[in-house]
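Student: Dropping the structure in here first, questions after.
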């Protein structure tokens with residue numbers, strides 16, 4: 001029960017002449033309140049950075065192309081909303097109607113936008129698209145599977161060459177992680193991910209065999 005007694009917020013009374021008196025929740029001035037809010041902001045920043053990295057890696061995958069773009073839009077909206085709420089925290093609103101309308105309105109609009117972008121589009125898309133139409137500058141994956149596979153095979157060769165050129169003059173650990181992220185970013189299909197891993201394992205196995213043969217000779 002002790003942890004529930006530590007509250008970073010306090011009730012503050014707002015009173016103004018010829019206006020109704022009302023209470024609001026305000027951040028307390030003690031050190032715990034500042035640390036608590038700072039921890040929450042750092043956690044949100046970490047989540048945003050992690051989601052941005054994952055979105056960057058899967059940006060060109062056709063199976064989830066449109067989902068990724070809608071999620072990125074939601075991420076932009078959420079980030080702007082957090083910034084707006086931080087600014088709003090330092091603005092004094094003495095009218096209780098305006099105070100409630102602004103805060104409730106922001107949260108309501110954010111919830112509706114996230115729902116429409118993440119779930120509403122799934123209900124509306126089947127009524128507005130056809131099998132051969134382009135969506136967001138790309139063709140539907142179900143009707144262009146063969147073209148995607150061909151382009152993916154070409155892309156594998158290009159990314160392998162780029163990995164070789166990028167790895168020159170760099171440390172193996174840092175360049176390996178960065179090159180893998182770049183490689184995943186240019187993938188067109190999830191089917192190529194297993195192909196790349198198989199190619200890498202094949203290359204490592206071939207290198208091991210060749211070194212063993214040379215040592216034996």
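Numbering (full-length UniProt numbering), first residue to last: 1 to 217. All C-beta atoms, glycine included, are put in the ideal place defined by N, C-alpha and C.
For a test of the three-state rule: what should DSSP assign to residue 60, helix, strand or coil?
Tutor: What you label residue 60 is simply residue 60 of the chain shown in a count that begins at 1. The answer is coil: DSSP assigns residue 60 none of H, G, I, E or B.
Student: Report yes or no: do the segment 44-53 and the segment 7-16 share at least 3 C-beta pairs separated by less than 8 Å?
Tutor: no
Student: Would you check if there are 3 or more beta carbon pairs closer than 8 Å linking the segment 51-59 to the segment 88-96?
Tutor: no
Student: In terms of residue numbering, what span does the alpha helix (DSSP H) encompassing residue 71 cover?
Tutor: To locate residue 71, count along the chain shown from 1; it is residue 71. For residue 71, the enclosing alpha helix (DSSP H) begins and ends at 65-89.
Student: Excluding the 5 residues preceding and the 5 following residue 75 in the sequence, name in chain order all residues of the same chain whose CB lies nearer than 8 Å to its CB.
Tutor: As a working mapping, residue 75 is identified with position 75 in the chain shown. If we look at residue 75 and ignore the five residues flanking it on each side, its Cβ neighbours are 48, 51, 52, 55.
Student: Is residue 60 closer than 8 Å to residue 180 when the C-beta atoms are compared?
Tutor: Looking up residue 180 in the chain shown gives position 180. Looking up residue 60 in the chain shown gives position 60. Against a cut-off of 8 Å, the Cβ pair of residue 60 and residue 180 comes out as no contact.
Student: Consider the Cβ of residue 176: report whether some Cβ of chain D lies at a distance smaller than 8 Å.
Tutor: Looking for chain D here will not work: only one protein chain is present.
Student: Classify residue 10 as buried or exposed, calling it buried when 16 or more other Cβ atoms lie within 10 Å of its own Cβ.
Tutor: In the chain shown, counting from the first residue as 1, residue 10 sits at position 10. By the 10 Å Cβ count, residue 10 comes out exposed.
Student: Please list, in chain order, all residues of the same chain as residue 19 whose beta carbon is under 7 Å from its beta carbon, the five residues on each side excluded.
Tutor: On the chain shown, residue 19 is found 19 positions in, with the first residue counted as 1. The residues are 94, 95.
Student: When we look at the beta-carbon of residue 108 and count the other beta-carbons within 10 Å, is it buried (16 or more) or exposed?
Tutor: Within the chain shown, the letter at position 108 stands for residue 108. It counts as exposed.
Student: Considering only the alpha carbon of each residue, which of 190, 87, 186, 119 lies closest to residue 70?
Tutor: For this step, residue 70 is matched to residue 70 along the chain shown. Nearest of 190, 87, 186, 119 to residue 70, Cα basis: 119.
Student: Roughly how far, in whole angstroms, is the beta-carbon of residue 77 from the beta-carbon of residue 113, given that I think they are within contact range, below 8 Å?
Tutor: Residue numbering aside, residue 77 sits at position 77 when the chain shown is read from its first letter. Residue numbering aside, residue 113 sits at position 113 when the chain shown is read from its first letter. The C-beta distance from residue 77 to residue 113 rounds to 6 Å, short enough to meet the 8 Å contact threshold.
Student: Which residues in the same chain as residue 190 place their Cβ atom closer than 7 Å to its Cβ, once the five residues preceding and following it in sequence are excluded?
Tutor: Here residue 190 corresponds to residue number 190 of the chain shown, with the count starting at 1. Excluding sequence neighbours, residue 190 sits near 61, 63.
Student: Suppose you measure from the CA of residue 115 to the CA of residue 88; what does that come to, to the nearest Å?
Tutor: Mapped onto the chain shown, residue 115 falls at position 115. Mapped onto the chain shown, residue 88 falls at position 88. So the two alpha carbons sit approximately 24 Å from each other.
Student: Considering only their Cβ atoms, is the gap separating residue 99 from residue 24 smaller than 8 Å?
Tutor: To locate residue 24, count along the chain shown from 1; it is residue 24. To locate residue 99, count along the chain shown from 1; it is residue 99. Yes, they are a contact pair.
Student: For residue 90, count neighbouring Cβ atoms within 10 angstroms of its own Cβ and tell me buried if that reaches 16, exposed if not.
Tutor: The residue given as residue 90 occupies position 90 in the chain shown. When all chains shown are included, residue 90 counts as exposed.
Student: Apart from the five residues just before and just after residue 31, which ones in its own chain have a Cβ nearer than 8 Å to its Cβ?
Tutor: Taking the first residue of the chain shown as 1, we reach residue 31 at position 31. Excluding sequence neighbours, residue 31 sits near nothing in its chain.
Student: So if DSSP puts residue 96 in a beta bridge, which residue, or which two residues, is it bridged to?
Tutor: Counting from 1 along the chain shown, the entry for residue 96 is found at position 96. Bridge partners of residue 96: none, in fact.
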